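**Q**
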Amino acid sequence: MAQKKQTLEAAMDALQQIVEKLEAGSLPLEESLKLYEEGVKLTAFCDKELKGAKLKISELKEPQGEIDETDE
1 MAQKKQTLEA AMDALQQIVE KLEAGSLPLE ESLKLYEEGV KLTAFCDKEL
51 KGAKLKISEL KEPQGEIDET DE
């Protein structure tokens with residue numbers, strides 16, 4: 001899968017399509033394995049993106065420190 005700038009939303013859409021194809025059960029084994037492998041890669045990408053977002057949210061929620069005007 002040639003990835004340009006993959007987005008979380010695009011990866012999740014691709015995962016949904018893969019799940020639907022695999023659940024249909026009409027694919028040959030080799031194609032099913034390729035789709036499964038692609039799904040594993042997309043899942044890892046999504047996990048990485050979500051962990052990064054969670055970290056950023058945690059950092060933003062931390063107090064930034066108060067500015068004391070008497071310190072000037």
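Start counting the sequence shown at 1; every next residue gets the next number (full-length UniProt numbering). Glycine included, C-beta positions come from ideal geometry on N, C-alpha and C. All values reported here derive from a predicted model rather than from experimental measurement.
(1) Assuming L35 contacts K21 under a Cβ cut-off of 8 angstroms, what Cβ separation, rounded to an integer in Å, is found between them?
(2) Exposed or buried, which one is I18 when buried takes at least 16 other CB atoms within 10 Å?
(3) Going by alpha carbons, who is nearest to G39 out of E23, S58 and K61?
(4) Out of E49, E62 and Q16, state which residue places its alpha-carbon closest to the alpha-carbon of K5.
(5) Suppose you measure from the CA of T7 to the CA of A53; what does that come to, to the nearest Å?
(6) Is it right to say A11 is buried, meaning 16 or more other beta carbons lie within 10 angstroms of its own, or is it exposed?
**A** Reading off the structure:
(1) 6 angstroms
(2) buried
(3) Each of E23, S58 and K61 was checked against the Cα of G39, and the nearest Cα belongs to E23.
(4) When C-alpha distances from K5 are compared across E49, E62 and Q16, the shortest belongs to E49.
(5) 13 angstroms
(6) buried
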